[in-house]
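Q: In this note's numbering, the protein residues as written are 1 to 143. Don't be surprised by glycine CBs; every beta carbon is placed ideally from N, CA and C.
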């Protein structure tokens, strides 16, 4: 197991959703560091600060909610993919919305995966496990 920290940034205006997602990842892998924002604008501010640090740690994954104030998930996604310092970071949208036009737009704008939020926090462990395998474990081999 790679002892290096795996860093996940998450933007979601629901503190419970952030809490349960963070706890799910922490149960799976103690090397995960979570950085949380209340909305897309806050996430972009955090990532701007991160990118200015001279020896910043890699960001392995960004999780976005679709419906947030200040800067929603789609606006945030477009800003991430327009920024050369951030566009390479895998980005996953986890949202209650399952509208086909929104899902399609997210993929057209560069999302790596779109997952509908489960009705219960119990299913978050399954989502966290899948994201770990697809994005975090793969980062070990690309380093």
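Using CA atoms only, rank isn't needed, just tell me which of 17, 39 and 113 is closest to residue 92.
A: Residue 92 has its Cα closest to that of 113, out of 17, 39 and 113.
Q: With residue 74 and residue 109 assumed to form a contact (beta carbons below 8 Å), what rounded beta-carbon distance in angstroms separates them?
A: 7 Å
Q: For the region 59 to 121, which segments carrying the alpha helix (DSSP H) assignment without a break, of at least 4 residues, lie completely within its bounds, in sequence order?
A: 73 to 82 and 100 to 108
Q: Can you tell me whether DSSP reads residue 132 as helix, strand or coil?
A: helix
Q: Over what stretch of residues does the alpha helix (DSSP H) that includes residue 23 continue unbroken?
A: Run containing residue 23: 15 to 28, per the alpha helix (DSSP H) assignment.
Q: Among the residues of its own chain, which have a CB less than 6 Å from the CB of residue 1, if the five just before and after it don't count?
A: Confidence is the limiting factor: at residue 1 the pLDDT is only 38, short of 50, which leaves the residue's position unreliable, though a coordinate-based value still follows. The answer is none, since no qualifying residue turns up.
Q: Assuming residue 68 contacts residue 13 under a Cβ cut-off of 8 Å, what Cβ separation, rounded to an integer in Å, is found between them?
A: 5 Å
Q: What is the DSSP secondary structure of residue 36, reduced to helix, strand or coil?
A: strand
Q: Going by alpha carbons, who is nearest to residue 16 out of 31, 7 and 38?
A: 38
Q: For a quick check, are the C-beta atoms of residue 11 and residue 43 less than 9 Å apart?
A: yes
Q: State yes or no: is the C-beta of residue 116 nearer than 8 Å to some heavy atom of the ligand COA?
A: In terms of ligand content, the structure shown is empty, and the ligand COA therefore cannot be addressed.
Q: Drop a sphere of 10 angstroms on the beta-carbon of residue 119, count the other beta-carbons inside from all chains shown, and report buried for 16 or more, exposed for fewer.
A: exposed
Q: Tell me the rounded alpha-carbon separation between residue 81 and residue 48.
A: Approximately 13 Å between the Cα atoms of the pair.
Q: Taking the beta carbon of residue 130 as the centre, do at least 16 other beta carbons fall within 10 Å, making it buried, or is it exposed?
A: exposed
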